[in-house]
Amino acid sequence: MSLVIRQIHPHFVGEVSGLDVARALTADELAAVQDAIDRHAVLVFHDQVLTDEEQIAFTRGFGAIEDSAGGHVAKAHERRLGAEMNDVSNLGMDGKPLGRDDRKRMFNLGNRLWHSDSSFRAVPAKYSILSGRKVATNGGNTEFADMRAAYDALDAASKAEIEDLVCEHSLIYSRGSLGFGPFTDEERIMFRPVRQRLVRTHPATGRKSLYLASHIGTIIGWPVPEARAFLRDLTEHATQPAFVYVHRWRDNDLVMWDNRQTMHRVRRFDESEVRDMRRTTVAGDAPTAVQAAAE
Ligand SMILES: [Fe+2]
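In the working numbering, the protein residues as written are 28 to 322.
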């Protein structure tokens, strides 16, 4: 069976069939997936029963794996999975759902806000690859917004105004907006804000996109309330239903997305159930902006 990619949304999202991700891909298959992710920005693969090792091997086909350290309040000894995996489940070390007021769970609630993975890192992530090992029975959809379509739909004056803007991103801003806190001194250092361009150009396709995320706290050079009001407007524009694909998970779905061209968020689900989602992340190549001088 040969590899087939079918676009399932007017703007983006390719559904891939005829590929068994668990086995080593041929050079042609890798090139086809690479081309598809560049063009469609989100790819959906069904019925992919994977071990962590197989998921890691598939991920390596697209570049170096981003170290998950520094992106969570969970300490090393509280991590269920290895450093090459991001645990996006609702589970503790005992394999049971985390308690309602568990600090790790409350931190994870930030994933319900629109974001781009690792935009809070100086070198932000390229691709995320999320395996639904055990999905929610009700809810728990992941929604994706096409930030290229959102950019294209702006008027010329808005495009000119935002072209060279640089934003400050931090997990402290996204979590803080939900009232999460307080952060420890160590966390404040770990989650120190980084700078990212608001408009990115995709290296393969040349398409521009809005690089938005709830991790943004301000625009460099703008008064904070003005920046936040403007970013809310832009986010509202970018996440209108026409630009959004809703992924309704089935067990063993694998979804791959390009964080440079999309935002995503998870929706509410019954957290008394096990939802075991495991993410690998392909590291980015370079910063998008010059960072502030170290204090
Ligand atoms: Fe995410």
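The beta carbon of each residue, even a glycine, is placed where N, CA and C say it ideally should be.
Everything numeric in this text was worked out from a predicted model, so none of it was measured.
- The C-alpha of Arg275 lies about 20 Å from the C-alpha of Leu118.
- Excluding residues up to 5 positions away in sequence, nothing lies with its Cβ nearer than 6 Å to the Cβ of Arg87 in the same chain.
- Checking the 7 Å criterion, the Cβ of Asp144 is within range of a heavy atom belonging to ligand 1.
- The residue among Asn138, Asn286, Lys153 and Lys161 with its C-alpha nearest the C-alpha of Val301 is Lys161.
- Between ligand 1 and the CB of His291, the shortest heavy atom gap is smaller than 7 Å.
- Sixteen is the threshold: when 16 or more other Cβ atoms of the shown chains lie within 10 Å of the Cβ of Asp280, as they do, the residue is buried.
- With a contact defined as Cβ atoms closer than 8 Å, Leu239 and Leu205 miss out at about 17 Å.
- Within the region 270-317, no run of alpha helix (DSSP H) at least 4 residues long lies entirely inside it.
- If the five residues before and after Ile64 are omitted, its C-beta is found closer than 7 Å to the C-beta atoms of Leu70, Tyr154, Met283 and Asp285, all from its own chain and listed in chain order.
- In the structure shown, the three-state DSSP call for Lys186 is helix.
- Boundaries of the beta strand (DSSP E) harbouring Gln223: Val221 to Arg224, taken from the DSSP string.
- Taking the CA atoms as reference points, Glu253 sits about 31 Å from Phe39.
- For Arg33, the enclosing beta strand (DSSP E) covers residues Val31 to Gln34.
- In terms of Cβ geometry, His242 and Ser197 form a close pair [threshold 8 Å].
- Taken atom to atom, the span from the alpha-carbon of Asp79 to that of Arg287 is near 24 Å.
- In terms of side-chain proximity, the C-beta atom of Asn138 is found nearer than 7 Å to a non-hydrogen atom of ligand 1.
- Where His142 is concerned, there is no enclosing alpha helix (DSSP H), because DSSP gives it neither an H nor an E.
- Annotated as distal: Gly311 and Val60, with beta-carbon spacing of 8 Å or more.
- Burial state of Glu213 is exposed, judged by a 10 Å Cβ sphere holding fewer than 16 other Cβ atoms.
- Non-local C-beta neighbours of Lys235 in its own chain, meaning closer than 6 Å and more than five positions away in sequence, comprise Tyr178, Val226 and Thr228, ordered along the chain.
- The beta carbon of Arg305 is closer than 8 Å to those of Asp79, Gln82, Leu108, Met112, Asn113, Asp114, Val115, Ser116, Leu157, Ser158 and Arg160 in its chain, skipping five residues each way along the sequence.
- Only exposed fits Pro250, as fewer than 16 other CB atoms lie within 10 angstroms of its CB.
- Between Thr308 and Ala68 the beta-carbon gap is near 16 Å, outside 8 Å, which marks them as no contact.
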